[in-house]
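For reference, the structure is listed below as structure tokens.
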DNA sequence: CCTGGTTTGTTTATGGCGTAAAGTGATCGC
DNA sequence: GCGATCACTTTACGCCATAAACAAACCAGG
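Residue numbers (the numbering used here), protein chains in the order written: chain A, 1 to 263; chain B, 1001 to 1263.
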């Protein structure tokens, strides 16, 4: 590898990320056709099943055919990542204040992560610097601007919100994956592991009294909750609760700044 | 795979996770020796370099030798994960209130993630159900119990705090990884990519005015900041700011519950 | 029309991976 | 002494990303 390889690759991948979307008319392949196939593989069979062969097969081509359009698998994943981000809504009504809009944004982002769980495995918050990643940030900032907070605090808020949603979605995605892999519902999965834990971890309740306490409590059912599986229902509730805490924290920051713009 | 494979594997891996730590006296291998070697590989060369062959080489054995002690690479990673979690401190003084203790806990956890960045790549928040994972939860709950919040809200708070710290650490870890892989300091790395972005993304400031605004602002230096690299310094500041917002949110929840225990 | 270069693929090959299966040599209970 | 068991190695299989060589279709200039 030459010393300037990073530099040269940066140019190449940036041009791919910011290419104008058109131009797949002919019978041959194209970057967008490849990305769609790769996204379909990842959505359907997970990130582990995403291989150059799998994508090539789906297109009726060899794995090597892809390398004409995409320099490597790592670049392919980056391009997939930025492309799916384009599915996110761009506009949120601000008539009811930033809090309502931010909650809607967070819930849409969570839904997006659950629709494309493989996105959560794209290296943690790596700055891919693609157009849709910036569009997502721009949308979030259009909402957060209403708080009147300065850029310094806002940077922290952006990080906190994004990381929270990503993490919470990851918990749900993992519950689903575990359920699918074992062929059980997650309720069955949990109740099959729980006795093993008690058998093997002797004196659990004494060693971890608080963990037992917080885990044991069965929260009351919530309207509309019935169809959601067991572990996932908990995770959804924790998401709602945690998001409220976060929103309260932002409100406190606004109050402390003493310069809230919204009514 | 038999129908009950998941069940059987659960027993096997649980017994490994909860085994008592001793017993590596002889000249032969042992689970703990293997885990130490594997952790050393992951700490030194990253998760991508962690292979059964690499761990075996480090111990002067073949890759297959490990399979006498560890059923698969996936189990190995789970065991590594729970083992390093044991490095986390277990006690935090509560004399100055939960807020001080929680901040210390979060900063220790962030430091832990940065010392073992590969932990961030262990599948998102998957419940490994090992002893040290529960110990970590127990430690956090000993702090959060002081808020007097009920288990329902507390579950949300636990998720929010853990996910925030994990995500924020991931950003820093990625900045470091990018810097190391390209052989540049992250300052050089950013200033080599930044002009490429401007060249390729025409009209950036018009398309993403808020993103430009929040990215352009250069925050004032902070005492003790001088030795921290560029991108990482930003990430650390965002961590502190975001954590404050989160703590404010918890305080708001406490105030709303009207049952704060702390003075 | 021919012709040579470029574009778009394929095939083949290399070195790495996790791990199943079989082999090897030592050790231990009888 | 001797089979069983243990700890470990060797070999092998089918994956993976991708470098390199090759082939066929297109297009430009004569």
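Positions of the beta carbon are idealized from the N, C-alpha and C atoms, including for glycine.
In this text, all values refer to a predicted model and were calculated from it rather than measured experimentally.
Closer than 8 Å to the CB of residue 109 (chain A) there is not a single CB belonging to chain B.
Between residue 119 (chain A) and residue 171 (chain A) a beta carbon distance of about 15 Å is seen, past the 8 Å cut, so the two are scored as non-contacting. Going by DSSP, residue 1096 (chain B) is part of no alpha helix (DSSP H) at all; its letter is neither H nor E. When rounded, the separation of the alpha-carbon atoms in residue 103 (chain A) and residue 247 (chain A) is 8 Å. Burial check for residue 90 (chain A): the Cβ neighbour count within 10 Å stays below 16, so the residue is exposed. Non-local beta-carbon contacts of residue 1056 (chain B) in its own chain, meaning distances under 7 Å to residues more than five positions away in sequence, involve 1062, 1063, 1065, 1066 in chain order. The straight-line gap separating the alpha-carbon atoms of residue 252 (chain A) and residue 1249 (chain B) is approximately 7 Å. Excluding five sequence positions before and after residue 158 (chain A), the CB atoms of its chain that fall closer than 8 Å to its own CB belong to 137, 140, 141, 144, given in chain order.
Interface flag for residue 1014 (chain B) against chain A is set, since a Cβ pair is found closer than 8 Å. When DSSP states are grouped into helix, strand and coil, residue 1148 (chain B) belongs to the coil group. Against chain A, the beta carbon of residue 1245 (chain B) has neighbours under 8 Å at 153, 156, 157, 160, 246, 249, 250, 252, 253, listed in chain order. For residue 1197 (chain B), the enclosing alpha helix (DSSP H) begins and ends at 1186–1200.
At a cut-off of 8 Å between beta-carbon atoms, residue 21 (chain A) makes no contact with chain B. Taking a beta-carbon distance threshold of 8 Å, residue 1091 (chain B) does not count as an interface residue toward chain A.
In terms of beta-carbon proximity, residue 1213 (chain B) lines the interface with chain A, with at least one pair separated by less than 8 Å. Residue contact with chain A for residue 1071 (chain B): absent (no Cβ-Cβ distance below 8 Å to any residue of chain A). Contacts between residue 164 (chain A) and chain B, judged by CB atoms closer than 7 Å, involve 1160, 1163, 1164 in chain order. A contact is defined here as three or more CB-CB pairs under 8 Å, and the segment 1074–1081 of chain B fails this definition with respect to the segment 1092–1110 of chain B.
Between residue 88 (chain A) and residue 108 (chain A), the C-beta spacing is below 8 Å. Between the beta-carbon of residue 10 (chain A) and that of residue 1192 (chain B) there is about 7 Å, and that keeps the pair under the 8 Å contact cut.
Residues of chain B whose Cβ lies closer than 9 Å to the Cβ of residue 112 (chain A) do not exist, since the nearest Cβ in that chain is about 15 Å away. By the 16-neighbour rule on beta-carbons within 10 angstroms, residue 1203 (chain B) is exposed. For residue 1238 (chain B) and residue 156 (chain A), the gap between their C-alpha atoms comes out near 4 Å. Check the Cα spacing between residue 134 (chain A) and each of B:1214, B:1185, B:1048: the tightest is with B:1214.
Within the same chain, and ignoring the five residues on either side of residue 1052 (chain B) in sequence, the residues whose Cβ sits closer than 7 Å to its Cβ are 1063, 1066, 1073. Taking a C-beta distance under 8 Å as the contact criterion, residue 241 (chain A) and residue 1152 (chain B) qualify as a contact pair. Residues of chain B with a Cβ closer than 7 Å to the Cβ of residue 138 (chain A) are, in chain order, 1208, 1210, 1211.
Ranked by Cα distance from residue 115 (chain A), the options A:205, A:43, A:209 are led by A:43. In this structure, the CA atom of residue 1017 (chain B) is about 30 Å from the CA atom of residue 113 (chain A). Here the alpha carbons of residue 168 (chain A) and residue 1058 (chain B) stand approximately 37 Å from one another.
By the neighbour-count criterion, in which a residue is buried when 16 or more other Cβ atoms sit within 10 angstroms of its Cβ, residue 1255 (chain B) is exposed. With fewer than 16 other Cβ atoms inside 10 Å of its own Cβ, residue 206 (chain A) counts as exposed.
Residue 1012 (chain B): member of the alpha helix (DSSP H) spanning 1005–1017, first to last residue. Put simply, the backbone Cα of residue 178 (chain A) is about 8 Å away from that of residue 189 (chain A).
Under the 8 Å criterion on CB atoms, residue 1132 (chain B) is classed as non-interfacial with respect to chain A.
In this structure, the straight-line span from the alpha carbon of residue 38 (chain A) to that of residue 1210 (chain B) is close to 32 Å.
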